[in-house]
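Residue numbers (my numbering): 463 to 851. Every residue, glycine too, gets a C-beta built ideally from N, C-alpha and C. All of these numbers come straight from a predicted model, not from anything done at the bench.
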Ligand code: PLP
């Protein structure tokens, strides 16, 4: 059997690899604190689960429309129009199994070999993976720690060329927790408005923020027609296992995405869409409670990480990740992540798994209880004898 050559170019998401390693250690009887995976540790809100169960009882167990149920797409279009201050309709909405397929399908539909893609570095590893897989060209823009992991806008500008086909933005961001300010977004919108390119605005963490409410680039004049908004239910409603997300995009691209959907999934499970409808239209108190809890953990983990010898951690403005700089430990971030897993029983991710400029950082997901976070920090401090002389 021969696997096609281009499969050698596709990457992976290290969170799943580290999770598997950590679980193997647990099987051997080792105690592990999981700070590697980006899944909120809260149960899916009850009214959403009930809506999913009800839909099963009502017979939502068969194929549905490829683009998604019309009432659900209407509710999404309404929600996106209100929250981003734009005018989109159900014809712009593609419902897919998670946020990831929005990247996969739109990048498949937009990128030819040699096309250039601008994206943040470090960032969600699937962007780079798909750029490579599709034979497009990486144009990473390093994030600047001293700017709260925002872009240096001059560097962003210098990466733009006639070959740029896609610019990827992610705010609030994985792995840094950075949020792109409204002022920066305006400047980015001004840079991109008249160019022949598309923007993939990954807004999956848009409701998980601790300072100013994050803006969407689509709220600026003339941008919605060249943008794919990626959003979904995994993070906001703690529904990572339901596999439910959506893209909002111009209809020409939506048609292409629907064709890719019919060739792969046929449709997204309809009972999960009914649960998603309940999530959008029902009470939002569980989201507020989750974010309030994340805020407490963020404050605790950032304070404690800054007490670890050789670590320095800026305060993230969104998502649920802390991204300390660990260069002063004198160890590589890869060796440090391995040591913390194997010696201290703390699973976290090497920043380099998110791009070249993530080297020297670790990513801690604080989707775990305050007690466990505190225990993890105690273990890390105890392990610091390996690098703090
Ligand atoms: N975008 C970013 C930046 C993410 O961090 C993730 C998940 O970790 C996704 C998209 C994908 O979300 P989903 O689990 O809905 O596919």
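According to DSSP, is residue i helix, strand or coil?
i, result
"residue 759", "helix"
"residue 632", "strand"
"residue 624", "coil"
"residue 924", "The question about residue 924 has no answer here: the residues shown for the chain are numbered 463 through 851."
"residue 611", "coil"
"residue 657", "coil"
"residue 637", "coil"
"residue 538", "helix"
"residue 642", "coil"
"residue 749", "helix"
"residue 666", "coil"
"residue 492", "coil"
"residue 606", "strand"
"residue 599", "strand"
"residue 510", "helix"
"residue 501", "coil"
"residue 520", "coil"
"residue 850", "coil"
"residue 469", "helix"
"residue 479", "helix"
With residue i and residue j assumed to form a contact (beta carbons below 8 Å), what rounded beta-carbon distance in angstroms separates them?
i, j, result
"residue 561", "residue 666", "5 Å"
"residue 692", "residue 663", "7 Å"
"residue 657", "residue 626", "7 Å"
"residue 816", "residue 602", "Wrong, their Cβ atoms sit about 11 Å apart, outside the cutoff."
"residue 711", "residue 685", "Going by Cβ atoms, the distance from residue 711 to residue 685 rounds to 12 Å, so no, they are not a contact pair."
"residue 825", "residue 637", "4 Å"
"residue 849", "residue 793", "5 Å"
"residue 497", "residue 830", "6 Å"
"residue 445", "residue 752", "Residue 445 lies beyond the range of the chain shown here (463 to 851); nothing can be said about it."
"residue 671", "residue 694", "With a Cβ gap of about 16 Å, residue 671 and residue 694 do not count as contacting."
"residue 790", "residue 812", "That belief does not hold up - the Cβ atoms of residue 790 and residue 812 are roughly 16 Å apart, past 8 Å."
"residue 539", "residue 555", "5 Å"
"residue 591", "residue 763", "No, residue 591 and residue 763 are not in contact; Cβ-Cβ is about 28 Å, not under 8 Å."
"residue 640", "residue 610", "5 Å"
"residue 567", "residue 723", "7 Å"
"residue 564", "residue 669", "Between residue 669 and residue 564 the Cβ distance is about 17 Å, and since that is not below 8 Å, they are no contact."
"residue 697", "residue 502", "6 Å"
"residue 477", "residue 499", "5 Å"
Just to check, is the beta-carbon of residue i closer than 7 Å to a non-hydrogen atom of ligand 3?
i, result
"residue 464", "Ligands displayed in this structure: ligand 1; ligand 3 is not among them."
Nearest-angstrom Cα distance between residue i and residue j?
i, j, result
"residue 577", "residue 599", "6 Å"
"residue 484", "residue 706", "26 Å"
"residue 734", "residue 514", "6 Å"
"residue 466", "residue 757", "45 Å"
"residue 581", "residue 549", "26 Å"
"residue 634", "residue 784", "12 Å"
"residue 737", "residue 509", "8 Å"
"residue 740", "residue 516", "11 Å"
"residue 647", "residue 770", "34 Å"
"residue 776", "residue 844", "22 Å"
"residue 571", "residue 840", "48 Å"
"residue 608", "residue 773", "15 Å"
"residue 652", "residue 688", "13 Å"
"residue 760", "residue 828", "7 Å"
"residue 584", "residue 521", "44 Å"
"residue 631", "residue 487", "36 Å"
"residue 535", "residue 553", "8 Å"
"residue 702", "residue 837", "25 Å"
"residue 504", "residue 822", "30 Å"
"residue 615", "residue 650", "8 Å"
"residue 714", "residue 720", "10 Å"
"residue 589", "residue 575", "15 Å"
"residue 717", "residue 537", "19 Å"
"residue 618", "residue 819", "15 Å"
"residue 676", "residue 612", "13 Å"
"residue 595", "residue 623", "21 Å"
"residue 842", "residue 511", "37 Å"
"residue 778", "residue 524", "42 Å"
Original post:
Can you list the alpha helix (DSSP H) stretches of 4 or more residues lying completely in the region 757–842, in chain order?
Top reply: 795–801
**OP:** Please confirm if the region 724–737 is in contact with the region 521–539, defined as three or more CB-CB distances below 8 Å between the two stretches.
**Re:** yes
**OP:** Determine, using beta-carbon pairs with one atom in the region 745–761 and one in the region 537–545, whether at least three such pairs fall under 8 Å.
**Re:** no
Original post:
Is it true that the region 488–506 meets the region 799–809, where meeting means three or more beta-carbon pairs spaced less than 8 Å apart?
Top reply: yes
Subject >> Length at least 3, wholly inside the region 670–738: the beta strand (DSSP E) runs in chain order >> reply: 689–694, 707–710
Original post:
Can you list, in chain order, the stretches of the alpha helix (DSSP H) that have 4 or more residues and sit fully within the region 530–597?
Top reply: 532–546, 562–572, 587–595
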